[in-house]
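Remarks on the structure that follows.
Protein chains in written order, with the numbering used here: chain A, 60 to 358; chain B, 15 to 235.
And the structure:
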């Protein structure tokens with residue numbers, strides 16, 4: 060093929076090939092293996108170490124719908140992990156576009172596991188101010204959030220009676236597509252020595268690795284790959300605990316299969332991810348070969 | 015094929031296709047979807063801020079509970095709108111000054127602690143650890159080798175990368191060599207970030223394609 064033609068390839072052809080690389084593995088799954096990474100395993104272990112019916116995990120939903128393909132499966136997997144182990148959850152959002160997503164995820168998984176709002180989980184909703192809210196919660200969560208998302212005074216919620224500040228929160232997980240995990244580390248981590256883990260989009264995952272080495276983050280879930288790893292860990296845990304068996308017995312075959320699909324949404328995308336990456340690598344190699352060959356010819 | 019009967023799913027699917035039509039070329043469908051997104055977002059965020067901040071944190075305490083101190087943040091917030099009136103636009107600078115002052119006061123010490131002191135502490139490690147050496151000798155694997163060279167590699171990387179950013183001396187001799195190694199570390203860092211960025215963009219596409227094929231068309235589960 061003429062190298063000059065290759066260098067001027069229509070970008071729409073590349074878009075088309077990427078689209079096909081994504082669509083075909085979804086239609087015809089290959090089942091390529093994905094390996095568990097240490098930061099995801101560490102996050103799982105940190106959640107798993109919280110005692111059942113004890114102090115709650117704080118889950119901060121700090122992302123907008125644009126980041127949902129990567130972070131929503133993480134949110135669901137973490138909530139499933141907590142509810143299958145009877146770990147209580149305190150959910151909130153510091154991002155203005157987060158409260159709707161947080162409510163959708165929390166109510167859906169709570170209903171699936173038969174958890175009670177106010178006893179097994181509390182949804183605080185959104186409060187603007189990022190760092191100021193994180194600092195205020197270090198002093199008094201009841202002062203930062205006067206009511207929950209449903210306008211119920213915090214003091215009247217049974218679960219919140221024992222929770223006042225970070226001393227009562229064993230772990231915070233911040234799910235974010237921006238730099239909000241840094242704010243958690245800055246204000247809750249440095250000042251109040253709060254244990255923090257983060258779930259981030261793949262774009263920002265590389266920026267957070269230095270914080271793992273210094274233990275400022277106890278764990279990190281990066282992108283769709285991280286979400287699929289966490290999903291896999293939770294699915295294995297549910298099998299071990301017998302949650303999956305109980306579900307199979309109580310639901311119809313169709314309902315059970317539908318639920319299984321929704322519990323493996325991130326994993327289902329991993330074939331497409333791998334194939335699309337191979338296509339991109341091929342384009343990078345072809346582009347470089349053509350570039351260097353053209354340069355040599357010009358000389 | 016099991017097409018969705020939900021009109022909202024249809025609307026979301028059509029808007030997704032409108033946005034992706036930009037990949038072919040700019041067109042009125044893309045423009046319409048883009049403007050709809052901007053307008054809806056502005057309206058949605060206005061409502062979110064009113065019900066989650068202005069109403070519970072200012073209107074209720076001030077007008078229903080008589081907490082007069084709430085006038086101060088309320089006024090500072092209102093001053094921002096003075097920018098729309100050129101003659102008194104300068105008043106908004108008070109609010110900006112307050113905002114910047116509080117923000118800087120809050121973040122400077124915290125940033126120093128999180129980004130500099132903690133990271134320096136993480137770098138001050140023994141160059142060579144006998145413990146990781148023993149682990150490697152007893153169980154030679156890629157993971158134990160990684161643990162063995164991890165700390166020395168990090169220390170060399172930090173020193174060399176920092177020397178690349180040392181501009182008070184010409185990059186020749188030892189400094190030149192170190193800064194060239196620093197460039198390699200920087201390039202590896204940029205490559206990792208780029209790789210992750212590609213992965214993120216593909217993930218977003220996968221999410222949308224899953225929605226179109228599952229929720230809308232019903233061709234996959």
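For each residue, glycine too, the CB sits at the ideal point set by N, CA and C.
- Flagged as an interface residue toward chain A: residue 136 of chain B, by a C-beta distance shorter than 8 Å.
- Here the alpha carbon of residue 242 of chain A sits roughly 26 Å from the alpha carbon of residue 218 of chain A.
- Counting only runs of at least 3 residues, the segment 188-263 of chain A fully encloses the following beta strand (DSSP E) elements, listed from N- to C-terminal order: 230-235, 255-259.
- Boundaries around residue 79 of chain A are those of the alpha helix (DSSP H), 70-86, since no beta strand (DSSP E) includes it.
- Where residue 121 of chain A is concerned, the enclosing beta strand (DSSP E) starts and stops at 116-121.
- Taking residue 329 of chain A as the centre and dropping the five residues before and after it, the same chain places the C-beta of 93, 287 closer than 6 Å to its C-beta, in chain order.
- Note that the C-beta distance between residue 128 of chain A and residue 283 of chain A is below 8 Å.
- The contact set of residue 26 of chain B on chain A, defined by CB atoms closer than 8 Å, is empty, because the minimum CB distance reaches about 10 Å.
- C-alpha of residue 104 of chain A to C-alpha of residue 254 of chain A: approximately 13 Å in a straight line.
- Using a Cβ-Cβ cut-off of 9 Å, residue 145 of chain B is close to nothing in chain A; its nearest Cβ partner there is about 17 Å away.
- Collapsing the DSSP output to three states places residue 187 of chain B in a helix.
- For a Cβ distance threshold of 8 Å, residue set 212, 213, 216 of chain B lies close to residue 336 of chain A, ordered along the chain.
- In this structure, residue 118 of chain A lies near residue 232 of chain A, with their beta-carbon atoms less than 8 Å apart.
- By alpha-carbon distance to residue 38 of chain B, the top candidate from A:81, A:75, A:82 is A:75.
- Taking 8 Å as the cut-off, the beta carbon of residue 190 of chain A is found closer than this to the beta carbon of residue 120 of chain B.
- Interface annotation, residue 50 of chain B: not in contact with chain A, CB-CB separation never under 8 Å.
- In this structure, residue 344 of chain A lies away from residue 143 of chain A, with their beta-carbon atoms at least 8 Å apart.
- The beta-carbon separation of residue 180 of chain A and residue 157 of chain A, rounded to 16 Å, does not stay under the 8 Å limit for a contact.
- When the beta-carbon positions are compared, residue 278 of chain A and residue 259 of chain A stay at least 8 Å from each other.
- Within chain A, the residues 190, 245, 246, 249, 250 have their CB atoms less than 8 Å from the CB of residue 124 of chain B, given in chain order.
- Under the DSSP assignment, residue 351 of chain A falls in the alpha helix (DSSP H) whose first and last residues are 329-357.
- Ranked by Cα distance from residue 168 of chain B, the options B:154, B:156, B:199 are led by B:199.
- Residue pairing from DSSP places residue 148 of chain A in a beta bridge opposite A:116, A:180.
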